[in-house]
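In our numbering, the protein residues as written are 5 to 376.
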């Protein structure tokens, strides 16, 4: 194992933070896997899974079973990890800027397209290496003027040349689910089976330039630009894995998730071993544009009547909003049928608040598909 330390830009003297990456496997391996946890710093199940994974990868490396380089970043957001206000962790948004830690990663597709134009050939492997080199060089030319920009650049530089990028998150109260692209789904489906993803949400561009899409979008956009003349391979695919809810931090679940990731990496060929039989897929993939964010028209006590993991019929009751002053009870129904895969942790709703997400099969939304 090789331990690397990456300095972030310090906002003030004496406040410098660092990101730690752990590199397993052959230094000159043919392939590379990148895994990070807790980019939203108050989402901790992935951090515990990364800790378990770190121990397992060290054992596999010592026994010579690692075929690819595997880079692990257990704490992807030291900035957000320290944001605690009156005993409440606030790791989703940077307090200084109000920006979501998982948005606004650098988009270099146009710059790289201009740089490689005229250098592409009919050889896909040449084009793949050309694009990766151009991306790495372009990221190294970027300079950060804030600590947050510095953090984003460190993470992108670590992952930019990986064949596979796994970003471990969780929701508020949720079943296991994941986000990826339709183009990557054939490669991601085994992961969905091993991890027991009860929803797999697909979109080429969900908006916001999130970490995972800063890689997949680049390859897709270059393919759109040059694909009719040259073969542009899918040089990287990314997955955001949502490891249930924020409270699901325990060794039992983390050990199971760690083993699921190991099985997937064996299946992928990054780890030497015999792949185990693929489990059944709990729920078929659905478009992210088919997800219904269920909102409440009024504020009040939020009392749920449906659990994450339940399949709901169109118009089914999800919750009641109770006004304890005038005794009004307002029912909240989903409009579309689908799987209720996540719901809010809060139990006092405000008017217009999203209280749940239901994965439907028919796309009906467009534009920015993620939460802010």
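From the three backbone atoms N, C-alpha and C, an ideal C-beta is built for every residue, glycine too.
Here the structure is a predicted model, which means the values were calculated and not measured.
In the structure shown, residue 82 adopts helical secondary structure according to DSSP, grouped into three states.
Residue 358 and residue 297 do touch by the CB rule: their CB atoms are close to 5 angstroms apart, below 8 angstroms. For residue 22, the enclosing beta strand (DSSP E) begins and ends at 22 to 28. The C-beta distance from residue 41 to residue 54 rounds to 4 angstroms, short enough to fall under 8 angstroms.
For the pair of segments examined, the segment 62 to 72 was found not to touch the segment 97 to 113: the number of CB pairs separated by less than 8 angstroms stays below three. Between residue 322 and residue 309, the gap from beta carbon to beta carbon is short of 9 angstroms. Here the alpha carbon of residue 303 sits roughly 50 angstroms from the alpha carbon of residue 135. The alpha-carbon of residue 153 is positioned some 21 angstroms away from that of residue 375. The C-alpha of residue 91 is placed about 39 angstroms away from the C-alpha of residue 112. Between residue 93 and residue 45, the CB-CB gap stays under 9 angstroms. Note on geometry: alpha-carbon atoms of residue 117 and residue 173 lie some 31 angstroms from one another. Checking the DSSP bridge columns, you'll see residue 6 partnered with 27.
Contact between residue 139 and residue 234 is absent: CB atoms are separated by about 17 angstroms, not below the 8 angstroms threshold.
Around residue 276, the same chain offers 69, 71 as residues with beta carbons nearer than 7 angstroms, after the five sequence neighbours per side are excluded.
The segment 234 to 252 makes contact with the segment 177 to 191: 3 or more CB pairs, one atom from each, lie closer than 8 angstroms. For residue 205, the closest of 161, 157, 364, 168 by C-alpha to C-alpha distance is 364. Take residue 268, set aside five residues on each side of it, and the residues of its chain with a beta-carbon closer than 8 angstroms to its own are 194, 195, 198, 199, in chain order. Distance from the Cα of residue 351 is smallest, within the candidate group 16, 293, 367, 307, for 307. By the CB criterion at 9 angstroms, residue 146 and residue 132 fall outside the cutoff. Judged by DSSP secondary structure, residue 246 falls within the beta strand (DSSP E) whose first and last residues are 241 to 249.
The criterion of a C-beta distance shorter than 9 angstroms is satisfied by residue 215 and residue 171. For residue 347, the enclosing beta strand (DSSP E) has its first and last residue at 342 to 347. Measuring C-alpha to C-alpha distances from residue 229 to each of 114, 301, 213, 188 identifies 114 as the nearest.
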